[in-house]
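Peer 1: Using our numbering, the final residue of the sequence shown is 138, and nothing's skipped along the way.
If you scroll down you'll find the structure; I have some questions about it.
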Amino acid sequence: MKTILLAIIATLATQAHGLPEDSLPTLAEVQCKSVFEGIETVRVGSKRTSNSEGYTTSMTLSYDQQEYAVHTVLVEPSDVALVLAHSSLGNVLEIEVEQNPELLDRDGYGPATVKIDGVAEDYLKFVCKVGFVN
5 MKTILLAIIA
15 TLATQAHGLP
25 EDSLPTLAEV
35 QCKSVFEGIE
45 TVRVGSKRTS
55 NSEGYTTSMT
65 LSYDQQEYAV
75 HTVLVEPSDV
85 ALVLAHSSLG
95 NVLEIEVEQN
105 PELLDRDGYG
115 PATVKIDGVA
125 EDYLKFVCKV
135 GFVN
């Protein structure tokens, strides 16, 4: 039920704010990392399934020993990518990544906020990369 409500809310938000349609079909990868005491660690990884034309049909994100199925990807006009996913336990993973080229590092990572059930995972500073199929 929580997943259905999130999908409805995302659709309504997209329509109400004039945001682009869901970009899941063109999503190629999501990866987030953090640096703690000089050690870089990948925190979020992705597995993608695509159709014969190369478009994404599904994506799973791994974070904190849980798998999350991506259900909505929005790229806001303000150069922010929003990725929403849910786990089989009903937890919601939300990743918001700056996409402004001036804020991305040479590998395409930008400042990011990672939330679980609406609560920011702010004990670590995240940088994330959201890549799209050309």
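Cβ atoms here follow ideal geometry from the backbone N, Cα and C, with glycine treated the same way.
Would you call the CB atoms of Gln103 and Val84 closer than 9 Å?
Peer 2: Counting from 1 along the sequence shown, the entry for residue 103 is found at position 99. Counting from 1 along the sequence shown, the entry for residue 84 is found at position 80. Yes.
Peer 1: For Leu31 and Val77, I'd like the C-alpha separation in whole angstroms.
Peer 2: The count along the sequence shown starts at 1 and reaches residue 31 at position 27. The count along the sequence shown starts at 1 and reaches residue 77 at position 73. The alpha-carbon atoms of Leu31 and Val77 are separated by roughly 8 Å.
Peer 1: Assuming Val46 is part of the beta strand (DSSP E), what are its boundary residues?
Peer 2: In the sequence shown, residue 46 corresponds to position 42, counting from 1. Ile43 to Ser54 is the span of the beta strand (DSSP E), which, as asked, contains Val46.
Peer 1: So, is Asp68 buried or exposed, given that buried needs 16 or more other C-beta atoms within 10 angstroms?
Peer 2: Position 64 of the sequence shown, counted from the start, is the residue given in the question as residue 68. With fewer than 16 Cβ atoms within 10 Å of its Cβ, Asp68 is classed as exposed.
Peer 1: Under 8 Å, with one C-beta from each stretch per pair, do the region 95-114 and the region 55-62 reach the 3-pair mark?
Peer 2: Segments in contact, no.
Peer 1: Run the CB neighbour count on Ile43, radius 10 Å, all protein chains shown included, and call it buried at 16 or more, exposed below.
Peer 2: As a first step, residue 43 must be located in the sequence shown, where it is residue number 39. Exposed, by the Cβ-count rule.
Peer 1: With a CB to CB cut of under 6 Å and the five nearest residues on each side skipped, what residues in its chain are close to Glu41?
Peer 2: As a first step, residue 41 is located in the sequence shown; it is residue number 37 there, counting from the start. Cβ neighbours of Glu41 beyond the five flanking positions: none.
Peer 1: Pick out whichever of Ser50, Lys119 and Lys37 has its Cα sitting closest to the Cα of Leu28.
Peer 2: As a position in the sequence shown, residue 28 is number 24, starting the count at 1. Closest by alpha carbon: Ser50.
Peer 1: Can you list, in chain order, the residues of its chain whose CB lies under 6 Å from that of Arg52, leaving out five sequence neighbours each side?
Peer 2: On the sequence shown, position 48 is the one that residue 52 refers to. Excluding positions up to five away in sequence, the list reads Thr60 and Met63.
Peer 1: Can the beta-carbon of Leu86 be found less than 9 Å from the beta-carbon of Gln70?
Peer 2: By one-based count along the sequence shown, residue 86 stands at place 82. By one-based count along the sequence shown, residue 70 stands at place 66. No. Outside cutoff.
Peer 1: Closest to His75 by C-alpha separation, out of Ser66, Pro81 and His90, would be which residue?
Peer 2: Within the sequence shown, residue 75 is the residue found at index 71, counting from 1. Comparing Cα positions, the closest option is His90.
Peer 1: Tell me where the beta strand (DSSP E) around Tyr72 begins and ends.
Peer 2: By 1-based counting over the sequence shown, the position of residue 72 is 68. Note, Tyr72: beta strand (DSSP E), Gln70 to Glu80.
Peer 1: Taking only three categories from DSSP, how would you classify Glu125?
Peer 2: Here residue 125 refers to the residue found at position 121 of the sequence shown. DSSP places Glu125 in coil when its eight states are reduced to three.
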